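Visitor: The structure's right below; bear with me while I get my questions together.
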Amino acid sequence: MLWSGRNAEEVDVKEIAPTGKLRVGVVYAPVATAFFVTKDAQGKPHGVTVDLANELAAKLGVPIEFTVAPNSGEVTEATSSGALDVSFMPVDDERRKKVDFGPSYFLGESTYLVRPGSDIKTLAEVDRAHVRVIGIANTTTIRSAARALKAAKIAPVPSVEQAMAMMRAGEADASVKILGRPPLFEGRADFGEHRADLAANRCDRGDDDHGDQRGDKRILDRRDA
4 MLWSGRNAEE VDVKEIAPTG KLRVGVVYAP VATAFFVTKD AQGKPHGVTV DLANELAAKL
64 GVPIEFTVAP NSGEVTEATS SGALDVSFMP VDDERRKKVD FGPSYFLGES TYLVRPGSDI
124 KTLAEVDRAH VRVIGIANTT TIRSAARALK AAKIAPVPSV EQAMAMMRAG EADASVKILG
184 RPPLFEGRAD FGEHRADLAA NRCDRGDDDH GDQRGDKRIL DRRDA
């Protein structure tokens with residue numbers, strides 16, 4: 004059976020936005036990147052993923068509703084359960100078990116950010132028994148770091164804000180992050196300039212502006228120590 008263009012579009016709308024509105028999950032951080040959004044005084048999200056979602060809703064001809072989460076793990080679970088129709092997130096094998104992904108809209112690299120005055124200047128120097136590493140809970144980034152690190156301790160935190168606070172307070176030695184545009188922590192904390200790249204695992208990441216469950220980035224195997 005062949006669908007006309009109009010009927011096919013109607014089927015797509017029902018499949019993507021079954022409630023009649025597009026329910027979209029985005030992730031908040033204090034500074035916007037190609038993945039993270041910021042919020043204005045009214046709590047309205049702004050950022051690249053918001054723009055992409057608004058474009059999709061306009062193409063579908065449906066209203067849009069945003070859910071702003073503190074980490075991508077939460078939007079993964081909400082999308083998997085059907086509470087969200089579309090979301091933006093990094094992808095790894097664990098998430099492929101729960102949601103479907105479209106093509107990438109942004110490529111990013113995972114790295115470590117270390118405290119000012121730290122002696123960590125290479126990837127190998129992160130992986131030492133006394134080094135305290137943190138990452139955002141239930142994310143591809145912390146899972147990738149956990150696979151790579153053999154000696155260093157790694158602990159999850161619920162949000163970027165808490166990660167920054169712990170780094171400022173000296174409660175962590177290194178924080179796993181994705182390099183964004185602009186850099187996620189730039190202008191937000193006196194962390195210093197030392198970085199040691201995370202380059203152990205390759206994870207495809209992607210995002211599409213139409214479909215059921217979507218994603219957002221790609222971690223590359225690369226070392227630029």
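In the working numbering, the protein residues as written are 4 to 228.
C-beta atoms are modelled at their ideal positions from N, C-alpha and C, and glycine is treated no differently.
Only a predicted model underlies this, so the values are computations on that prediction, with no experimental measurement involved.
Quick one, are the C-beta atoms of T144 and P93 less than 9 angstroms apart?
Guide: Here the question's residue 144 lines up with position 141 in the sequence shown. Here the question's residue 93 lines up with position 90 in the sequence shown. A contact, by the Cβ cut-off of 9 angstroms.
Visitor: Would you kindly work out how many angstroms separate the C-alpha atoms of R26 and R171, rounded to a whole number?
Guide: Taking the sequence shown and counting its residues from 1, one reaches residue 26 at position 23. Taking the sequence shown and counting its residues from 1, one reaches residue 171 at position 168. The alpha-carbon atoms of R26 and R171 are separated by roughly 35 angstroms.
Visitor: By Cβ distance, which residues of its chain are closer than 6 angstroms to D122, with the 5 residues on each side in sequence left out?
Guide: Start at 1 with the first residue of the sequence shown, and residue 122 comes out as number 119. Same-chain partners within the cutoff: there are none.
Visitor: In the DSSP assignment, find the unbroken beta strand (DSSP E) run with L116 in it and report its ends.
Guide: Mapped onto the sequence shown, residue 116 falls at position 113. 113 to 117 is the extent of the beta strand (DSSP E) around L116.
Visitor: From this set, D176, F39, K47, which residue's C-alpha is nearest V117's C-alpha?
Guide: As a working note, residue 117 is residue 114 in the sequence shown. It is D176.
Visitor: Do the region 103 to 116 and the region 35 to 42 make contact, defined as three or more Cβ pairs closer than 8 angstroms?
Guide: Output reads yes: the region 35 to 42 touches the region 103 to 116.
Visitor: Going straight from the alpha carbon of H197 to that of S84, what length do you get?
Guide: Walking along the sequence shown from the start, residue 197 turns up at place 194. Walking along the sequence shown from the start, residue 84 turns up at place 81. Low local confidence applies: a pLDDT of 37 at H197 is under 50, so the model's placement there is unreliable, with the coordinate-based value given in what follows. Cα-Cα distance, rounded: 40 angstroms.
Visitor: So, under 8 angstroms CB-CB, V16 and G50 are touching, yes? Tell me the CB distance rounded to an integer number of Å.
Guide: Along the sequence shown, one-based indexing puts residue 16 at 13. Along the sequence shown, one-based indexing puts residue 50 at 47. Going by Cβ atoms, the distance from V16 to G50 rounds to 25 angstroms, so no, they are not a contact pair.
Visitor: According to DSSP, is R150 helix, strand or coil?
Guide: For the purposes of this step, residue 150 is taken as residue 147 along the sequence shown, with counting starting at 1. Residue state, collapsed to three classes: helix.
Visitor: Identify whether K101 lies in helix, strand or coil by the three-state DSSP scheme.
Guide: As a working note, residue 101 is residue 98 in the sequence shown. K101: coil per DSSP, three-state reduction.
Visitor: Could you compute how far the alpha carbon of A44 sits from the alpha carbon of A127?
Guide: The residue given as residue 44 occupies position 41 in the sequence shown. The residue given as residue 127 occupies position 124 in the sequence shown. Spanning the two alpha carbons is a distance of roughly 42 angstroms.
Visitor: So who's on the other strand from E254, going by DSSP bridges?
Guide: Given that the chain is displayed from residue 4 to residue 228, the structure contains no residue 254 and the question cannot be resolved.
Visitor: Please go through the same chain and pick out, in chain order, the residues whose beta-carbon is closer than 8 angstroms to the beta-carbon of K42, but skip the five residues on each side of it.
Guide: Sequence index remark: in the sequence shown, residue 42 carries index 39 (1-based). Only Y31, P48, H49, V71 meet the Cβ criterion.
Visitor: Going by beta carbon distance, what residues of the same chain come within less than 6 angstroms of A60, once the five residues before and after it are set aside?
Guide: Position 57 of the sequence shown holds residue 60. So the list reads L25, I67, once near-sequence residues are dropped.
Visitor: State the start and end residues of the unbroken alpha helix (DSSP H) segment that holds T52.
Guide: Mapped onto the sequence shown, residue 52 falls at position 49. Segment 51 to 63, the alpha helix (DSSP H) holding T52.
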